[in-house]
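Asker:
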Amino acid sequence: MQQSGQRSPWYYVPTLYFAEGLPYILINSVSVVLYKSLGISNERIGLWTSMLYLPWVIKMVWAPAVDLYATKRGWLVASQLLLGFVFMGAAVALAGGNFFFPSLVLFAAGAFVSATHDIAVDGFYMLALTEKEEAYYVGIRVVAYRLAMIFGSGGLVYAAGKASAVMPVNLAWALAMFVPGLLFAGFYVWHRFVLPRPAVDCAKPVGRKSEGFFEAIAAYFRQEKIVVILLFILLYRFGEALLMKMASPFLMDSAAAGGLGVTTSEIGILYGTVGMIALILGGIIGGWILARYGLKKCVWPMTIALNLPDLFYCWLAHVKLAGVMLYPLIALEQFGAGLGFMAFTVFLMSIGDERYRTSHFAISTGLMGLGMMLPGMVSGYMQNTLGYAGFFWFVIAVTVPGMLLIPFIPVKARAVP
């Protein structure tokens, strides 16, 4: 492994991974709250914000280009400059009267740039740090990524909610989007000066890379039990994908519309702060449990932990409970999501051919993203058809097929850390 430059990775690893996490949470989660607070219908929110996830689903298609052309350093700083323009442009679009499609187009462009930025940042991390440094800073990068998610879904949403009390809602969100625009301009300047220039970070000759890429894809689909694997990946988080898109609209809608009337700033605390911390803790504790007991023993209880809290929403839709009781319920639901996601991640890491482990994990995560995107696209239509109570019961029903596949999925030795 190539030695890193003279500057300590402390100068750039935290900022790189904060910059990686921030656009992901803004485009995929905060956009839901943003559009709901601006009066966009659940059908349009579910369809269009789910489609914003597409670049992360298919980023493996253009990932080889990041290897073949220019440097990882060049890709990532250019991506950060573009992301600065994207969020500043979104702020301008939101300040106008006809804001929906202009802002949506900018978020879509930001999604493609952000997915490319992810590829470049992860590649640069492996080139700029020694093996010892990679292991040491892995925890730092995870913490920085999660802090970005709390800042975006908690801090910015809370600030937008408070600002909307003293100014038009669209201007409050315009100011909230201008902040990450400024941050990315700062990241661009900072990383232009502090990032090292590893000798191994250079454009690669094309050679036979394209053949290897297609062989890796072919090998993935030649796996034993591939049909079961594909169905499990697509169905495991089906219910969660539906719930994620409509949970915030449910909380924010008025009682007359079947919701709980929670304010935007409260959403920032509920989901963006308390929920996000619970999600992180679920992931940390889930990782420890999986390392101790292995996936085979943990997959059932962790899957139940993922899906059982959906009953909370059915209950809330019937009793219309709001106030402080929402905090422990949302925390438990998000904690269970963290546990279930860790089990799923370990499963995805365990499948595939050892020769193509990185590529196969990328394919699996892309398919997982597809399994999240497609249900999200129809979530608003389902909610509008069934009402909130019926929709949440439907969410519970669609968790069953994924669970029924658990006895048939292959769990390899590598799935026991």
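Whatever position you read off the sequence shown (first residue = 1), add 419 for our numbering.
Using N, Cα and C, we set each Cβ at its ideal position, and we do this for glycine too.
Run through DSSP, which three-state label would E553 get?
Answerer: Translated into the one-based positions of the sequence shown, residue 553 becomes position 134. Reduced to three states, the DSSP call for E553 is helix.
Asker: DSSP on F518, reduced to helix/strand/coil?
Answerer: If you number the sequence shown from 1, residue 518 lands on position 99. Residue state, collapsed to three classes: coil.
Asker: Let's see if you can read the secondary structure: which residues bound the alpha helix (DSSP H) around T764?
Answerer: On the sequence shown, residue 764 is found 345 positions in, with the first residue counted as 1. Where T764 is concerned, the enclosing alpha helix (DSSP H) stretches over 745-769.
Asker: Beta-carbon within less than 6 angstroms of A697's beta-carbon, same chain only, minus the 5 sequence neighbours each way: which residues are those?
Answerer: Within the sequence shown, the letter at position 278 stands for residue 697. So the qualifying residues of the chain are A750, Q753, F754.
Asker: Whole-angstrom Cβ separation of T535 and S498, contact assumed at under 8 angstroms?
Answerer: As a working mapping, residue 535 is identified with position 116 in the sequence shown. As a working mapping, residue 498 is identified with position 79 in the sequence shown. Correct: roughly 6 angstroms between the Cβ atoms.
Asker: Identify the continuous alpha helix (DSSP H) that holds P728 and give its terminal residues.
Answerer: Counting from one through the sequence shown, the residue named residue 728 turns up at place 309. It is not in any alpha helix (DSSP H) - P728 carries neither H nor E in the DSSP assignment.
Asker: Report the CB separation of Y607 from V449 in whole angstroms; it is logged as a contact under 8 angstroms.
Answerer: Counting from 1 along the sequence shown, the entry for residue 607 is found at position 188. Counting from 1 along the sequence shown, the entry for residue 449 is found at position 30. Their Cβ separation, rounded to whole angstroms, is 21 angstroms, which puts Y607 and V449 out of contact at 8 angstroms.
Asker: For E462 and G799, which I take to be in contact (beta-carbon distance under 8 angstroms), what is that distance rounded to the nearest angstrom?
Answerer: Locating residue 462 in the sequence shown gives position 43, where the first residue counts as 1. Locating residue 799 in the sequence shown gives position 380, where the first residue counts as 1. Right, their Cβ atoms sit about 4 angstroms apart.
Asker: Is it right to say R774 is buried, meaning 16 or more other beta carbons lie within 10 angstroms of its own, or is it exposed?
Answerer: Sequence index remark: in the sequence shown, residue 774 carries index 355 (1-based). Exposed: under 16 other Cβ atoms inside 10 Å.
Asker: Would you say the stretch 800-817 touches the stretch 658-670, given that touching needs at least three Cβ pairs under 8 angstroms?
Answerer: With the cut-off at 8 angstroms, the stretch 800-817 and the stretch 658-670 touch.
Asker: Using three-state DSSP, classify S460 as helix, strand or coil.
Answerer: For the purposes of this step, residue 460 is taken as residue 41 along the sequence shown, with counting starting at 1. Coil.
Asker: If you pair each beta-carbon of the stretch 684-691 with each one of the stretch 706-724, do three or more pairs fall below 8 angstroms?
Answerer: Contact fails: fewer than three Cβ-Cβ distances are below 8 angstroms.
Asker: Is L700 near F570, with beta carbons less than 8 angstroms apart?
Answerer: One-based indexing of the sequence shown puts residue 700 at position 281. One-based indexing of the sequence shown puts residue 570 at position 151. Their beta carbons are not under 8 angstroms apart, which means L700 does not touch F570 by this criterion.
Asker: Where does V619 fall in DSSP's three states?
Answerer: Reading the sequence shown from its first residue, position 200 is the one you call residue 619. V619: coil per DSSP, three-state reduction.
Asker: Could you name the residues of the same chain whose beta carbon sits closer than 7 angstroms to that of E439, not counting the 5 residues immediately before and after it, in chain order?
Answerer: Your numbering for residue 439 matches position 20 in the sequence shown. H536, D537, V540, Y564, listed in sequence order.
Asker: Leaving out five residues on either side along the sequence, give the residues of the same chain with a beta carbon under 6 angstroms from the beta carbon of P668.
Answerer: Locating residue 668 in the sequence shown gives position 249, where the first residue counts as 1. So the qualifying residues of the chain are K455, N461.
Asker: Is it a yes or a no for the stretch 481-495 touching the stretch 571-582, going by three-plus beta-carbon pairs under 8 angstroms?
Answerer: Counting Cβ pairs under 8 angstroms, fewer than three are found: no touch.
Asker: Cutting at 7 angstroms between CB atoms, please list the residues of its own chain near F543, excluding the five before and the five after it.
Answerer: Your numbering for residue 543 matches position 124 in the sequence shown. K491, R492, L495, D620, listed in sequence order.
Asker: So what does DSSP say about M671, is it helix, strand or coil?
Answerer: Sequence index remark: in the sequence shown, residue 671 carries index 252 (1-based). Residue state, collapsed to three classes: helix.
Asker: Which whole-angstrom value describes the C-beta separation of A694 and M761, a residue pair presumed to lie in contact below a C-beta threshold of 8 angstroms?
Answerer: If you number the sequence shown from 1, residue 694 lands on position 275. If you number the sequence shown from 1, residue 761 lands on position 342. Per the sequence presented here, residue 694 reads as Gly, with Ala not at that position. No, G694 and M761 are not in contact; Cβ-Cβ is about 16 angstroms, not under 8 angstroms.
Asker: Below 8 angstroms, how does it come out for the stretch 784-794 and the stretch 648-656: are there three or more Cβ pairs, yes or no?
Answerer: Contact holds: three or more Cβ-Cβ distances are below 8 angstroms.
Asker: Mapping DSSP to helix, strand and coil, what is R774?
Answerer: Position 355 of the sequence shown holds residue 774. DSSP places R774 in helix when its eight states are reduced to three.
Asker: Would you call M792 buried or exposed, if buried means 16 or more other Cβ atoms sit within 10 Å of its Cβ?
Answerer: By 1-based counting over the sequence shown, the position of residue 792 is 373. M792 comes out buried.
Asker: Where do the ends of the alpha helix (DSSP H) carrying I838 lie?
Answerer: One cannot answer for residue 838 here, as it falls past the ends of the chain, which runs 420 to 836.
Asker: Using the C-alpha atoms, what's the distance from G465 back to F518?
Answerer: Residue mapping note: residue 518 aligns to position 99 of the sequence shown, counting from 1. Residue mapping note: residue 465 aligns to position 46 of the sequence shown, counting from 1. About 17 angstroms.
Asker: Would you check if the distance between the CB atom of P599 and the CB atom of L471 is smaller than 8 angstroms?
Answerer: On the sequence shown, residue 599 is found 180 positions in, with the first residue counted as 1. On the sequence shown, residue 471 is found 52 positions in, with the first residue counted as 1. Not in contact: P599 and L471 (Cβ atoms no closer than 8 angstroms).
Asker: Return the first residue and the last residue of the alpha helix (DSSP H) that T474 is part of.
Answerer: Looking up residue 474 in the sequence shown gives position 55. Residue identity differs from the one stated: residue 474 is Pro in this sequence, not Thr. P474 -> alpha helix (DSSP H) spans 473-487.
Asker: By Cβ distance below 6 angstroms, which residues in the same chain neighbour D807 in space, the five residues on each side in sequence not counted?
Answerer: Sequence index remark: in the sequence shown, residue 807 carries index 388 (1-based). Before going on, a small fix: residue 807 reads as Tyr here, not Asp. F669, G677, A736, listed in sequence order.
Asker: Would you give the residue range spanned by the alpha helix (DSSP H) that F437 belongs to?
Answerer: On the sequence shown, position 18 is the one that residue 437 refers to. Element bounds for F437: 432-444.
Asker: Could you check which residue in I782, P826, W475, V797 has the C-alpha nearest to that of Y413?
Answerer: Nothing in the structure corresponds to residue 413, since the chain is present only between 420 and 836.
Asker: Cα separation between L740 and A675?
Answerer: In the sequence shown, the residue the question calls residue 740 occupies position 321. In the sequence shown, the residue the question calls residue 675 occupies position 256. Looking at the two C-alpha atoms, the distance is approximately 14 angstroms.
Asker: Taking 8 angstroms as the threshold (C-beta atoms), are E552 and M545 in contact?
Answerer: Here residue 545 refers to the residue found at position 126 when the sequence shown is read from its first residue. Here residue 552 refers to the residue found at position 133 when the sequence shown is read from its first residue. Their beta carbons are not under 8 angstroms apart, which means M545 does not touch E552 by this criterion.
Asker: Please name the residue, chosen from Y443, L590, V561, M568, that lies closest to L513 on a Cα-to-Cα basis.
Answerer: Numbered from its first residue, the sequence shown carries residue 513 at position 94. It is L590 whose Cα lies nearest to the Cα of L513.
Asker: Can you name, in chain order, every residue of its own chain whose Cβ lies under 7 angstroms from the Cβ of Q802, other than the five neighbours on each side?
Answerer: As a position in the sequence shown, residue 802 is number 383, starting the count at 1. Once the five neighbours on either side are set aside, the close Cβ partners of Q802 are N461, M665, F810.
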